[in-house]
Amino acid sequence: MQGRSLLHLTLDLGMEYQIDRFMTPDTAAMRDGFGRSLLHSACANASPRMVMQLLEAGADVNSMDQLERPLVFYAVEKGCDSNVDLLLESGCNVDFKGSEGSMLLDVAILEGKSGIATRLLDKGVDVHPYLGDDSSPLHYAVEHGHKSIVNLLLDRGADVNLQDDFGNTPLDQATEWGDKAIIRLLLSRGAISDPMSDLSD
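full-length UniProt numbering puts the first residue of the sequence shown at 1, with every later residue one more than the last.
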């Protein structure tokens with residue numbers, strides 16, 4: 001496979017124990033043709049054991065790939081709580097912002113990972129930033145129907161009546177999608193409804 005080193009391929013195939021004997025600071029710093037370190041592969045393959053070994057061998061917890069995506073992006077995208085915890089405990093930067101405005105919280109919401117969203121918020125990730133599609137995290141959680149994350153964001157101070165660039169509130173979105181459970185939740189948390197809207201059960 002073009003651009004992949006033998007050690008990267010070994011890790012991708014789940015043969016991480018074969019890498020143990022080669023573990024050195026140089027190995028931890030090795031990158032493939034796409035700028036991904038072995039630690040990127042370990043995060044992408046949900047391998048906490050290998051993530052821990054590479055960090056102990058001196059791998060950079062804030063290294064980026066060629067698309068400027070950090071290690072923690074891969075861990076959040078994979079939805080691996082253990083790897084996210086390891087990276088957060090090792091001091092990784094959580095203020096990642098992608099080329100289109102996407103953030104780590106955006107990825108956690110997309111994947112429906114309320115536990116990871118909680119960890120990111122605990123580390124100081126802002127509950128209010130706008131995402132790449134002119135929408136806030138709360139709008140995004142409503143759009144994807146993740147009630148537990150909607151509740152989490154509201155608990156952490158998200159503005160229930162915040163408007164996106166098109167003037168839509170989270171309640172407007174929930175109404176558009178017909179998500180009655182989230183509509184009820186938003187109303188119970190102070191959402192202001194349009195008197196012309198049909199919010200009936």
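Even for Gly, the Cβ is constructed at its ideal location relative to N, Cα and C.
On a predicted model such as this, the values are computed, not experimentally measured, just so you know.
(message) My output table needs one value for Pro25: the three-state DSSP class, helix, strand or coil.
(response) The residue labelled residue 25 in the question sits at position 25 within the sequence shown. Here Pro25 sits in helix by DSSP.
(request) Could I get the ranges of all uninterrupted beta strand (DSSP E) runs contained in the stretch 120–199, with 3 residues as the minimum, in chain order? (result) Runs of beta strand (DSSP E) with 3 or more residues, each lying fully within the stretch 120–199, are absent.
(message) Once DSSP output is grouped into helix, strand and coil, what is the label at Met1?
(response) In the sequence shown, the residue the question calls residue 1 occupies position 1. Because Met1 carries a pLDDT of 45, less than 50, the predicted location of this residue cannot be relied on, and the following value inherits that uncertainty. Correct three-state label for Met1: coil.
(message) On a Cα-Cα basis, can you pick out the residue from Asn168, Arg189, Ser188, Ile149 that is closest to Leu105?
(response) Counting from 1 along the sequence shown, the entry for residue 105 is found at position 105. Checked all of Asn168, Arg189, Ser188, Ile149; the closest Cα to Leu105 is Ile149.
(request) Whole angstroms is fine: what's the gap from Leu187's alpha carbon to Met64's? (result) Numbered from 1 along the sequence shown, position 187 holds the residue referred to as residue 187. Numbered from 1 along the sequence shown, position 64 holds the residue referred to as residue 64. Distance between the alpha carbons of Leu187 and Met64 is about 41 angstroms.
(message) Buried or exposed for Gln163, going by 16 or more other Cβ atoms inside 10 Å?
(response) If you number the sequence shown from 1, residue 163 lands on position 163. Per the 10 Å Cβ criterion, exposed.
(message) For Arg31, list the residues DSSP reports as bridge partners.
(response) Translated into the one-based positions of the sequence shown, residue 31 becomes position 31. Beta-bridge pairing links Arg31 to Ser37.
(message) Going by DSSP in three states, Lys78 sits in which element: helix, strand or coil?
(response) Residue numbering aside, residue 78 sits at position 78 when the sequence shown is read from its first letter. In this structure, Lys78 counts as helix in the three-state DSSP scheme.
(request) Can you have a look at Asn62 and say buried or exposed, based on whether 16 or more other CB atoms are within 10 angstroms of its CB? (result) Within the sequence shown, residue 62 is the residue found at index 62, counting from 1. Its Cβ having fewer than 16 others within 10 Å, Asn62 is exposed.
(message) Measuring alpha carbon to alpha carbon, tell me which residue in Leu121, Ser41, Leu9, Ala108 is nearest Ala158.
(response) Position 158 of the sequence shown holds residue 158. Of Leu121, Ser41, Leu9, Ala108, the residue nearest in Cα terms is Leu121.
(request) Can you tell me which of Gln66, Asp194, Asn151 puts its alpha carbon nearest to the alpha carbon of Gly33? (result) Numbered from 1 along the sequence shown, position 33 holds the residue referred to as residue 33. Checking every option, the nearest Cα to that of Gly33 belongs to Gln66.
(message) Applying the 10 Å Cβ sphere with the 16-neighbour rule, what's the burial state of Glu56?
(response) Reading the sequence shown from its first residue, position 56 is the one you call residue 56. So Glu56 counts as exposed.
(message) Here's a check: name, in chain order, each residue in its chain whose Cβ is nearer than 6 angstroms to the Cβ of Lys97, leaving out the five neighbours to either side.
(response) The sequence position of residue 97 within the sequence shown is 97, counting from 1. Answer for Lys97: Met103, listed in chain order.
(request) Go through its chain and collect everything with a Cβ distance to residue 212's Cβ below 7 angstroms, but skip five positions before and after it. (result) Outside the displayed span of the chain (1 to 201) sits residue 212, for which this structure offers no information.
(request) Please confirm whether Leu71 and Ser37 have their CB atoms less than 9 angstroms apart. (result) Here residue 71 corresponds to residue number 71 of the sequence shown, with the count starting at 1. Here residue 37 corresponds to residue number 37 of the sequence shown, with the count starting at 1. Contact: yes.
(message) Please report the straight-line C-alpha distance between Lys123 and Val94, rounded to a whole angstrom.
(response) To locate residue 123, count along the sequence shown from 1; it is residue 123. To locate residue 94, count along the sequence shown from 1; it is residue 94. Using only the alpha carbons, I get a separation of about 7 angstroms.
(message) Considering only the alpha carbon of each residue, which of Asp155, Gly167, Gly178, Val76 lies closest to Gly190?
(response) Within the sequence shown, residue 190 is the residue found at index 190, counting from 1. Of the candidates Asp155, Gly167, Gly178, Val76, the one whose C-alpha sits nearest the C-alpha of Gly190 is Asp155.
(request) Quick one: give me the first and last residue of the alpha helix (DSSP H) that Gln53 is part of. (result) Residue 53 sits at position 53 when you count from the first residue of the sequence shown. Segment 48–56, the alpha helix (DSSP H) holding Gln53.
(message) Helix, strand or coil for Leu7? Go by DSSP, reduced to three states.
(response) One-based indexing of the sequence shown puts residue 7 at position 7. If DSSP states are grouped into helix, strand and coil, Leu7 belongs with the helices.
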